[in-house]
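Undergrad:
Number of protein chains: 2
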Amino acid sequence: MSPKPEYSPDVSELAQIAKAMSHPVRIYILKKLSQMQSCCYSGDLVLEVPVGRSALSQHLKELKFAGLIQGEIEPPFIKYCINRDNWNKAQKAFENLFDAPVSDVNAASCCSI
Amino acid sequence: MSPKPEYSPDVSELAQIAKAMSHPVRIYILKKLSQMQSCCYSGDLVLEVPVGRSALSQHLKELKFAGLIQGEIEPPFIKYCINRDNWNKAQKAFENLFDAPVSDVNAASCCSI
DNA sequence: TTTGTATTTCGCAAAATAACGAAATGTTTT
DNA sequence: AAAACATTTCGTTATTTTGCGAAATACAAA
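If you're matching them up, the sequences are chains P and L in order. Sequential numbering from 1 applies to the first sequence in my numbering. Sequential numbering from 1 applies to the second sequence in my numbering.
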């Protein structure tokens, strides 16, 4: 009944990516994994992050669910690394939020403060 | 006494931006404001978004707090628009999360799955 | 098979988020 | 001054998120 529309898929997707990145620990993990230019053990990460092992595991799970990272079993460890494909997609989605880029003139004329 | 380090400022900042963008309504608002290439009244937005006025007001407040939008009083309305400067900064922060871009070779050699 | 190591899941409590309607604020029009 | 309008704040409730320690799982080494 309500004329309220729903969100379009791209809106929901970007929100979901943002949610996965909405916690400092998770940003830290992403940053770390990228800086290593390789993978990381969960056990290594726990030393650098102010949460316990179980909480870290949860954060890794959420990043994995969002597709931003991936885990590879490499006994007796699990190596985590960035999912480059999905990361690139996420970055594009973020860039394209403004799919109609405005000129500086328009931007300036828009808001006085 | 815990050896746990804290987050660096850039990590916290990016997490905060991501948190502000972690809700579909807020993504929609950002998208809308950018597409208009101008400003928007809260009253206009409420017709396009599946939340009530008070909830919308909260979302606008959060986006404003994060610096992504700005409100300009233009009686009897309040016009909202994107804060271009901060948006550009946010986008850069997002792009630079991976400050050491990896080559495709490294990326491929990292994870088998 | 038993032990040890690495990680995740479970159960729970505290805190944060989201949404609503009602009331409040501020401004314009009558 | 009163009525109308746009928006925000308040008070409340329901849901989600976060984090911890304990228990469970998975695997390798002894």
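Note that CB positions come from ideal geometry on N, CA and C, so glycine has one too. Note that the structure is a prediction, hence the values are computed from the model and not measured.
Using the beta-carbon count (16 or more within 10 Å), is Leu56 (chain P) buried or exposed?
TA: Walking along the first sequence from the start, residue 56 (chain P) turns up at place 56. When all chains shown are included, Leu56 (chain P) counts as buried.
Undergrad: Please identify the residue among L:Lys19, L:Arg26, L:Glu95, L:Ala66 whose C-alpha is closest to the C-alpha of Glu48 (chain L).
TA: Working through the second sequence from its first residue, we reach residue 48 (chain L) at position 48. Nearest C-alpha to Glu48 (chain L): L:Arg26.
Undergrad: To which residues of the same chain is Lys32 (chain L) closer than 8 Å at the C-beta, ignoring the five residues directly before and after it?
TA: Position 32 of the second sequence holds residue 32 (chain L). For Lys32 (chain L), where only same-chain residues beyond five positions count, the Cβ hits under 8 Å are Cys40, Leu45, Glu48.
Undergrad: Considering only their Cβ atoms, is the gap separating Phe94 (chain P) from Leu14 (chain P) smaller than 8 Å?
TA: Translated into the one-based positions of the first sequence, residue 14 (chain P) becomes position 14. Translated into the one-based positions of the first sequence, residue 94 (chain P) becomes position 94. Closer than 8 Å, so yes.
Undergrad: Would you mind sorting Glu62 (chain L) into buried or exposed? The rule is 16 or more other CB atoms within 10 Å of its CB.
TA: Indexing the second sequence from 1 puts residue 62 (chain L) at position 62. Buried, since its Cβ has 16 or more Cβ neighbours within 10 Å.
Undergrad: Do you know whose CA, among L:Ser42, L:Gln91, L:Ser8, lies nearest Leu97 (chain P)'s CA?
TA: Position 97 of the first sequence, counting from 1, holds the residue named residue 97 (chain P). Ranking the options by Cα distance to Leu97 (chain P), first place goes to L:Gln91.
Undergrad: Tell me the rounded alpha-carbon separation between Ile73 (chain L) and Ala18 (chain P).
TA: Residue 73 (chain L) sits at position 73 when you count from the first residue of the second sequence. Residue 18 (chain P) sits at position 18 when you count from the first residue of the first sequence. Distance between the alpha carbons of Ile73 (chain L) and Ala18 (chain P) is about 29 Å.
Undergrad: Do Gly67 (chain P) and Asn86 (chain P) come within 8 Å of each other at the CB atom, strictly closer than that value?
TA: Within the first sequence, the letter at position 86 stands for residue 86 (chain P). Within the first sequence, the letter at position 67 stands for residue 67 (chain P). Yes, the Cβ-Cβ distance between Asn86 (chain P) and Gly67 (chain P) is below 8 Å.
Undergrad: Tell whether a beta-carbon distance below 8 Å holds between Ser22 (chain L) and Ile82 (chain L).
TA: The residue labelled residue 22 (chain L) in the question sits at position 22 within the second sequence. The residue labelled residue 82 (chain L) in the question sits at position 82 within the second sequence. Not in contact: Ser22 (chain L) and Ile82 (chain L) (Cβ atoms no closer than 8 Å).
Undergrad: For Pro75 (chain L), which option in L:His59, L:Pro9, L:Lys64, L:Gly43 has the closest C-alpha, if you only look at C-alpha atoms?
TA: Your numbering for residue 75 (chain L) matches position 75 in the second sequence. Considering only alpha carbons, the answer is L:Gly43.
Undergrad: Helix, strand or coil, according to DSSP, for Phe94 (chain P) in the structure here?
TA: Start at 1 with the first residue of the first sequence, and residue 94 (chain P) comes out as number 94. Correct three-state label for Phe94 (chain P): helix.
Undergrad: Between the C-alpha atoms of Phe65 (chain P) and Tyr80 (chain P), what's the straight-line distance to the nearest angstrom?
TA: Start at 1 with the first residue of the first sequence, and residue 65 (chain P) comes out as number 65. Start at 1 with the first residue of the first sequence, and residue 80 (chain P) comes out as number 80. Those two C-alpha atoms are separated by around 13 Å.
Undergrad: Which residues in chain P sit within 7 Å of Phe98 (chain L), going by Cβ to Cβ distance?
TA: Residue mapping note: residue 98 (chain L) aligns to position 98 of the second sequence, counting from 1. Correct list: Ser34.
Undergrad: Does any C-beta atom of chain P lie closer than 8 Å to the C-beta of Ala66 (chain L)?
TA: Taking the second sequence and counting its residues from 1, the one referred to as residue 66 (chain L) is at position 66. By this cut-off, Ala66 (chain L) is not an interface position.
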